[in-house]
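Numbering (the numbering used here), first residue to last: 44 to 218.
Pasting the structure below:
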């Protein structure tokens with residue numbers, strides 16, 4: 044479905060910001076979703092930081108940004124202390140954030156292609172696991188991750204700037 048997948052550069056920031064605007068706007072119509080609040084999460088400064096660090100992976104179709112994700116190296120601080128099934132040390136983990144498919148491209152396999160690319164890139168870096176969280180009740184995301192081979196690893200109360208304290212469901216993919 045996707046024409047190509049690549050790491051975002053500074054020249055992609057405008058398209059990336061419009062992408063997340065569209066994704067956040069579509070949440071009003073979605074039965075399930077991440078409950079993101081544009082300007083807080085995702086925030087422009089955070090996205091720029093991820094782009095500068097080479098942490099944004101983008102999927103393109105017909106010249107349009109169809110999917111994007113942030114992949115950070117090392118364990119996410121809010122996941123420290125979680126009894127992950129694999130038990131990989133923090134430096135051998137990637138954390139997945141801000142993963143979305145543009146509403147115009149959903150249901151065509153873009154999410155699976157993006158995850159496959161993430162796994163390939165993480166293996167090439169010698170990592171052992173990918174960790175992520177899903178807001179409790181986001182059943183579509185949970186289904187995607189379980190079908191992709193992630194294992195449910197438990198629940199945790201976390202604090203998000205835009206949501207406050209909330210329960211998330213944790214998932215791990217063994218590379």
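Every residue gets a Cβ at the ideal spot worked out from N, C-alpha and C, and that includes glycine. Only a predicted model underlies this, so the values are computations on that prediction, with no experimental measurement involved.
Whole-angstrom distance between residue j and residue i, CA atom to CA atom
| i | j | result |
| --- | --- | --- |
| residue 71 | residue 146 | 12 Å |
| residue 47 | residue 104 | 7 Å |
| residue 173 | residue 167 | 13 Å |
| residue 85 | residue 68 | 13 Å |
| residue 88 | residue 131 | 30 Å |
| residue 115 | residue 177 | 16 Å |
| residue 49 | residue 102 | 7 Å |
| residue 56 | residue 139 | 19 Å |
| residue 66 | residue 83 | 14 Å |
| residue 164 | residue 215 | 16 Å |
| residue 200 | residue 79 | 17 Å |
| residue 208 | residue 202 | 4 Å |
| residue 180 | residue 95 | 32 Å |
| residue 210 | residue 148 | 29 Å |
| residue 156 | residue 218 | 16 Å |
| residue 133 | residue 198 | 19 Å |
| residue 192 | residue 106 | 30 Å |
| residue 187 | residue 73 | 16 Å |
| residue 93 | residue 204 | 18 Å |
| residue 77 | residue 110 | 15 Å |
Whole-Å CB distance - residue i paired with residue j, under 8 Å assumed
| i | j | result |
| --- | --- | --- |
| residue 118 | residue 136 | 5 Å |
| residue 185 | residue 212 | 7 Å |
| residue 159 | residue 144 | In fact, because the Cβ distance is near 14 Å, the residues do not count as touching under 8 Å. |
| residue 59 | residue 90 | 6 Å |
| residue 112 | residue 81 | Residue 112 to residue 81, Cβ: 17 Å. No contact. |
| residue 108 | residue 62 | 5 Å |
| residue 171 | residue 206 | Contact flag wrong, Cβ pair sits at about 30 Å. |
| residue 99 | residue 51 | 4 Å |
| residue 183 | residue 75 | 4 Å |
Where the beta strand (DSSP E) through residue i begins and ends
| i | result |
| --- | --- |
| residue 57 | Here residue 57 belongs to no beta strand (DSSP E); instead the alpha helix (DSSP H) covers 56-69. |
| residue 166 | Note, residue 166: premise wrong, no beta strand (DSSP E); alpha helix (DSSP H) at 153-167. |
| residue 49 | 47-50 |
Bounding residues of the alpha helix (DSSP H) (the contiguous stretch that carries residue i)
| i | result |
| --- | --- |
| residue 187 | 182-190 |
| residue 92 | 87-95 |
Paired residues, beta bridge with residue i - DSSP
| i | result |
| --- | --- |
| residue 137 | 116 and 173 |
| residue 194 | 215 |
| residue 111 | 101 and 143 |
| residue 84 | 80 |
| residue 203 | 207 |
Residue-level contact to chain B via CB, residue i, 8 Å cutoff
| i | result |
| --- | --- |
| residue 92 | Absent here is chain B; the protein component of the structure consists of one chain. |
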